[in-house]
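Engineer: So that we are looking at the same thing, I have put the structure below in structure tokens.
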Amino acid sequence: MAPRPCHHCGLNFMPIDPNYEGLALCNNCQLKNQNRTKQETKMSEDKFNMVIALPRSYAVQIEEKCMKEGINFSEFFINLLRKFEELNLEEPLEPDHQKIKHGRKK
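Under the working numbering, the final residue of the sequence shown carries the number 106; numbering is consecutive throughout.
Right, here's the structure in full:
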């Protein structure tokens, strides 16, 4: 039997597979179809992952404290945030972009 053309584009020829039922698409058309029908994954607004860069000595201290208190890292940082909120710091959380000078240092 002769190879058959792709059902979608008609350009790429494929060997006949007697076990395949349905329309025969070439690999290029299959990939295009997957990209076309790809569903976007929405991020959950309930939780998100955060990466914190710490010196190793701090990380060890935090880990030991969490083990002593029987809490996980998430609970530790949430408690830490609550303590900062109780202090009512007047400093803004984000830098004031008007005070930042852009350009080269002389």
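Just so you know, even glycine gets a beta-carbon here, dropped at the ideal spot from N, CA and C. Note that the structure is predicted; figures quoted are calculated from it, not measured.
May I ask you to list the residues that DSSP assigns as paired with F13?
Structural biologist: Indexing the sequence shown from 1 puts residue 13 at position 13. Partner(s): P5.
Engineer: How many angstroms separate the CA atom of S9 from the CA atom of T37?
Structural biologist: Taking the first residue of the sequence shown as 1, we reach residue 9 at position 9. Taking the first residue of the sequence shown as 1, we reach residue 37 at position 37. Reading off the sequence, residue 9 comes out as Cys, not Ser. Roughly 17 Å separates the two Cα atoms.
Engineer: Going by C-alpha to C-alpha distance, which of S74, I62, Q61 and K32 sits closest to M50?
Structural biologist: Residue numbering aside, residue 50 sits at position 50 when the sequence shown is read from its first letter. When only C-alpha atoms are compared, the closest one is S74.
Engineer: Using a Cβ-Cβ cutoff of less than 8 Å, which residues in the same chain neighbour L25 once the five nearest sequence positions on both sides are dropped?
Structural biologist: Counting from one through the sequence shown, the residue named residue 25 turns up at place 25. C6, H7, H8 and N33, listed in sequence order.
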